[in-house]
Amino acid sequence: MATSPLTTLIALLLLAGLRPCSAGVTAKPEMVRVPAGEAHIGSDKGRADEAPPFKTALAAFDLDRTPVTVAAFAHFARQNGFVTEAEKLGGGAVMTFGTGQWKLVPGAIWRQPLGPKAEAAAPTHPVTQVSWNDASAYCAAQGKRLPSEVEYEYASRLGAPDGSAHAFGDALVKDGRYRANVWTGVFPMLNTAKDGYRTTSPVGAFGEDPLGFTDLAGNVWEWTSDWYRPYSEREQPWPPGKPGEKVQRGGSFLCDPSFCYGFKVTARGHSAPDSSHMHVGFRCARSLADTRKSA
Ligand SMILES: [Ca+2]
Numbered sequence: 238m239a240t241s242p243l244t245t246l247i248a249l250l251l252l253a254g255l256r257p258c259s260a261g262v263t264a265k266p267e268m269v270r271v272p273a274g275e276a277h278i279g280s281d282k283g284r285a286d287e288a289p290p291f292k293t294a295l296a297a298f299d300l301d302r303t304p305v306t307v308a309a310f311a312h313f314a315r316q317n318g319f320v321t322e323a324e325k326l327g328g329g330a331v332m333t334f335g336t337g338q339w340k341l342v343p344g345a346i347w348r349q350p351l352g353p354k355a356e357a358a359a360p361t362h363p364v365t366q367v368s369w370n371d372a373s374a375y376c377a378a379q380g381k382r383l384p385s386e387v388e389y390e391y392a393s394r395l396g397a398p399d400g401s402a403h404a405f406g407d408a409l410v411k412d413g414r415y416r417a418n419v420w421t422g423v424f425p426m427l428n429t430a431k432d433g434y435r436t437t438s439p440v441g442a443f444g445e446d447p448l449g450f451t452d453l454a455g456n457v458w459e460w461t462s463d464w465y466r467p468y469s470e471r472e473q474p475w476p477p478g479k480p481g482e483k484v485q486r487g488g489s490f491l492c493d494p495s496f497c498y499g500f501k502v503t504a505r506g507h508s509a510p511d512s513s514h515m516h517v518g519f520r521c522a523r524s525l526a527d528t529r530k531s532a
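Under my numbering, the first residue of the sequence shown carries the number 238, and numbering increases by one thereafter.
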């Protein structure tokens, strides 16, 4: 029997170590190579902690194309017997819709990020209710690390037209479609889910930027490696044992565009490294030197 072109393509992909999807389309790579360049960070037109803006040279690095999904984290937890800090504590932080109040909800963990009575986390959504320590452990197990906030902002700006306020450009709605998962309605009383999602959305649901990244703005805040402090102090060593908070980037589904700045490309969130929230996830990065080591 003659071999069809599709069969031949799949065979070639398998030989090359690539996994075809059911439609015969090659699976997208897990990471995107971000080229070296001069990063323009911060703004003097935003919040006080975004100033002063500065420039810094960055080496090329790899960054996960999407936030780490619930399915990927489940695989990691199963393989390593990993227990998150929220699981050890017995719960995580959940915001009450309607009042905007945050509570430590017993049983709110990555499998059930809103609590045991709510829906289970969907496999294709970003994992949440993971602390900075959990996220760091996940990345290390993959031979990766968390991105710095400079790397996150640099990657976010690269895929957008120069000077854009967001990773998706300036307009949140284009051709009648939302370009990020944010809060639609009136925070915190009314969540209309006009963008399609009341809480998290599947990674990539709002498309990808020209570099291939998804969800750099909106959906969930993402942990970075940096301590939260003024940019003017960023080169100084962090005193060992000094309490502090870690920077998050990207904003989340709780961000109401009418007053929330979270998903702007320069915005900085922050939280304690052992804290776990229903709207915070992460993605991993890798230095090219580490790529060569593992090759
Ligand atoms: Ca939404």
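Glycine included, every Cβ here is placed at the ideal spot set by N, Cα and C.
- Judged by DSSP secondary structure, S393 falls within the alpha helix (DSSP H) whose first and last residues are E386 to L395.
- Burial check for P304: the Cβ neighbour count within 10 Å reaches 16 or more, so the residue is buried.
- DSSP, reduced to helix, strand and coil, places L525 within a helical segment of the structure shown.
- With fewer than 16 other Cβ atoms inside 10 Å of its own Cβ, W339 counts as exposed.
- A heavy atom of ligand 1 is found nearer than 7 Å to the CB of R435.
- Taking non-hydrogen atoms of ligand 1 into account, the C-beta of D527 is found less than 7 Å away from none of them.
- By the Cβ neighbour-count rule, Q485 is buried, with 16 or more other Cβ atoms within 10 Å of its own.
- With contacts defined as CB atoms closer than 8 Å, A294 and V271 fail to qualify as a contacting pair.
- Under DSSP, the beta-bridge partners assigned to F298 are V271 and S524.
- Under the three-state reduction of DSSP output, K325 falls in the helix class.
- Look at T421: its beta carbon is less than 7 Å from one of the heavy atoms in ligand 1.
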